[in-house]
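Have a look at the structure below, then the notes.
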Amino acid sequence: MTDGTDRNGSPHPDPAAGSGGYGYPGAPAPGGYGYPQAGQPNPYQQPADAQPQPQAWAAGLPTENSGFDRTAPQPDWQQAQFPPPVSDQPDWQALADENESRRGRRKTVLIAGVGVLVLALAAGGGWFALRGTGDGDDGKPAAAASGSPDPSAPASGGAKPPANDSPTVEGESNLLRDRNGRLHVALGPDAQVAKLENRSEVRFKGSANSYAQGAEPAVETSESFTVSARVFGTSERGSRVAVSQGDGISYAYELGFEESGGKKSWVFRVQTGDKGAASTAVQVLGDASGGTKKWTLLTGTYDVQKKQIALYVDDKPAGTAEVPAIWSGPGPVQLGRARHHGIWSGSFIGSMDHVRVWKNAALTAEQVAALKNNKLDKKIKPAHSWLIG
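To get our numbering, take the position in the sequence shown, counting from 1, and add 386.
The following block contains the structure:
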């Protein structure tokens, strides 16, 4: 294959001298191109002894040999009527008239088309004015359909808060606003609120100053309660506490993630003794082998009547455990850390939102499932909530 500039082909022989060749004139051959050859009779030359023959007037007319009378009157060819001769030049005036007529017709069609378009636009504008700018009957855009709850949507019952509903107290950017009470939570220097399009979250770096703390306890551990938070962890090593309570020797309860012996688990743990010993702690574990780098709703409950704690991962029960009672340790609610043997530990690394606690209520499995799917009865309101929306 070539590019068209060096195509292969059979070479042509050079033309013989005087032959012309390749379309160029050469010496004319005798008698060529329809002329008689030398030594051959010339069809256009009559022999010397040939007699003249009468010619017919036209095909089909009689000849002298067929009895034609030459004395009969002949047609006057000068007076005969023939069609006017056809000229090789066009009739410029007729063409000009025809073009003018066509332009007039095109102009009429164009004006009619523009008129129809104007009427259509006017009718459409009136329809949109009546319908409004959106797809809904009230002039508002129709809500987009969704096959499953969006991770950025609130996981609690009730209406979604407006986009301008600040997650912090007005004028206090380091105080997480309590939407259902007056227990605002102060952020440590390394904790940061991120405002996204439809919600807000708090981000923790895992450092000593990356936490948030309330001014008082969120629940009375001598009564039934529920604590819940949605978490997105970026570390799968060690202990990572999302929510806890207490600042004395030990936590009263803690909710989060724990990796031990290579096993990854979600955990809800409570302290039953006043010294914070491991022997007096009771816990429920949930499988976290799927990883922590996805939004997961963790919910822990304590039912004082059943003397039982339970853990739920998203909308699924992870297990239960029997407890005699939960120690009412001193100290406020904590986000992103927990108290162990008088020191802070379990620093959380990642993001968190939808933090809620219910007093005097241990949510059932059905209610937790409704909570996860944003269908919890509006009457079941949390006592405190932060970062909702």
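Idealized CB from N, CA, C, for every residue including glycine.
Query: What are the boundary residues of the alpha helix (DSSP H) that includes A696?; Result: Per DSSP, A696 belongs to no alpha helix (DSSP H); it is in the beta strand (DSSP E), Q694 to V699.
Query: In the DSSP assignment, find the alpha helix (DSSP H) that holds Q657 and state where it starts and stops.; Result: Run containing Q657: none in the alpha helix (DSSP H); it sits in the beta strand (DSSP E), K649 to Q657.
Query: Considering only C-alpha positions, which residue in the set T682, L641 and V709 is nearest to V668?; Result: V709
Query: Does the Cβ-Cβ distance between L684 and S621 come in under 8 Å?; Result: no
Query: Within its chain, find whatever has a CB closer than 6 Å to the CB of F468; leave out the 5 residues flanking it on each side and keep chain order.; Result: With a pLDDT of 37 at F468, under the threshold of 50, the modelled position of that residue is not reliable, and the figure given next carries that caveat. Once the five neighbours on either side are set aside, F468 has no close Cβ partner at all.
Query: Sort G705, G722, D633 and N566 by Cα distance to F618 and report the nearest one.; Result: G722
Query: With 16 other CB atoms within 10 Å as the buried threshold, where does P575 fall?; Result: exposed
Query: Is R568 buried or exposed, if buried means 16 or more other CB atoms sit within 10 Å of its CB?; Result: exposed
Query: Please state whether DSSP places S665 in a helix, a strand or coil.; Result: helix
Query: So, helix, strand or coil for K758, using DSSP?; Result: helix
Query: Just to confirm, is the Cβ distance from K702 to A674 under 8 Å?; Result: no
Query: Is it right to say Q720 is buried, meaning 16 or more other beta carbons lie within 10 angstroms of its own, or is it exposed?; Result: buried
Query: Use the C-beta contact count for R565: other C-beta atoms within 10 angstroms, 16 or more gives buried, fewer gives exposed.; Result: buried
Query: Can you tell me whether D739 is buried or exposed, with buried defined as 16 or more other CB within 10 angstroms of its CB?; Result: buried
Query: Could you check what DSSP says for Q753 in three-state terms: helix, strand or coil?; Result: helix
Query: Drop a sphere of 10 angstroms on the beta-carbon of G557, count the other beta-carbons inside from all chains shown, and report buried for 16 or more, exposed for fewer.; Result: exposed
Query: In chain order, what residues of the same chain lie with their CB nearer than 8 Å to the CB of A580, ignoring the 5 residues before and after it?; Result: S586, E587, V588, R589 and S737
Query: Given a cut-off of 8 Å, decide if Y688 and S771 are closer than it, judged by their beta-carbon atoms.; Result: no
Query: Please report the distance separating the alpha-carbon of G648 from that of K765.; Result: 42 Å
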